[in-house]
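Engineer: There's a structure below that I have some questions on.
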Amino acid sequence: MTIATICTALLGLLLFGLGLNVSITRKRHAKGIGHDTGPTDPVHRAVRAHGNTAEYAPFFAVLFLWYAAHGAPAWINAVIVVATAARLLIVAGLLWGGPLNQANPLRAIGALFTYICGLVLAAALVV
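Residues in the sequence shown are numbered from -12 upward in steps of one, following our numbering.
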């Protein structure tokens, strides 16, 4: 099992775990359809964490698995680990950070490294 495969599994567990969290949070707050968009609404936070993960995790998984299949060098594996950590930081910031309409260091750092790692991994395919 490779680092890339483990990180892909973590992203999959994160995505499906967050989907389950949305369902549980909706049930707990009796919001079967829709939700308030207030910056502290727990259903909104759960939906945003899941949605944001759904936007990035699939393409990261494709990149990670491509590198796993083609023998990634150590520096690529390091970027894969950082990308996975970045996604976890964003989720932590969305779920447990302050109100969503305020700056949050976990989200900011996670977003920065999501973009950097995504660009590096994509560019490295053709360089």
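In this text, a Cβ means the ideal position worked out from N, Cα and C, and glycines have one as well.
None of these values were measured; they are calculated from a predicted model.
1. With residue 66 and residue 40 assumed to form a contact (beta carbons below 8 Å), what rounded beta-carbon distance in angstroms separates them?
2. Could you round the C-beta distance between residue 35 and residue -3 to whole angstroms and report it? I think they count as a contact, below 8 Å.
3. For residue 3, count neighbouring C-beta atoms within 10 Å of its own C-beta (all shown protein chains included) and say buried if the count is 16 or more, exposed if not.
4. Straight-line CA distance for residue 85 to residue 47?
5. Report the residue from -10, 1, -7, 89 whose alpha carbon sits nearest the alpha carbon of residue 74.
6. Whose C-beta lies closer than 7 Å to the C-beta of residue 80 among residues of the same chain, with five residues either side of it excluded?
7. Quick check on residue 25: does DSSP put it in helix, strand or coil?
8. Taking the straight line between their C-alpha atoms, what separation do you get for residue 14 and residue 7?
Structural biologist: On the basis of the supplied data:
1. The Cβ separation is near 19 Å, so there is no contact.
2. The C-beta separation of residue 35 from residue -3 comes to about 20 Å, leaving the pair out of contact by the 8 Å criterion.
3. With fewer than 16 other Cβ atoms within 10 Å, it is exposed.
4. Distance between residue 85 and residue 47, taken at the CA atoms: about 27 Å.
5. If we check each option's Cα against that of residue 74, 1 comes out closest.
6. Here the set comprises 91, 93, 94, 97.
7. For residue 25, the secondary structure class from DSSP, reduced to helix, strand or coil, is coil.
8. Cα to Cα, residue 14 sits roughly 11 Å from residue 7.
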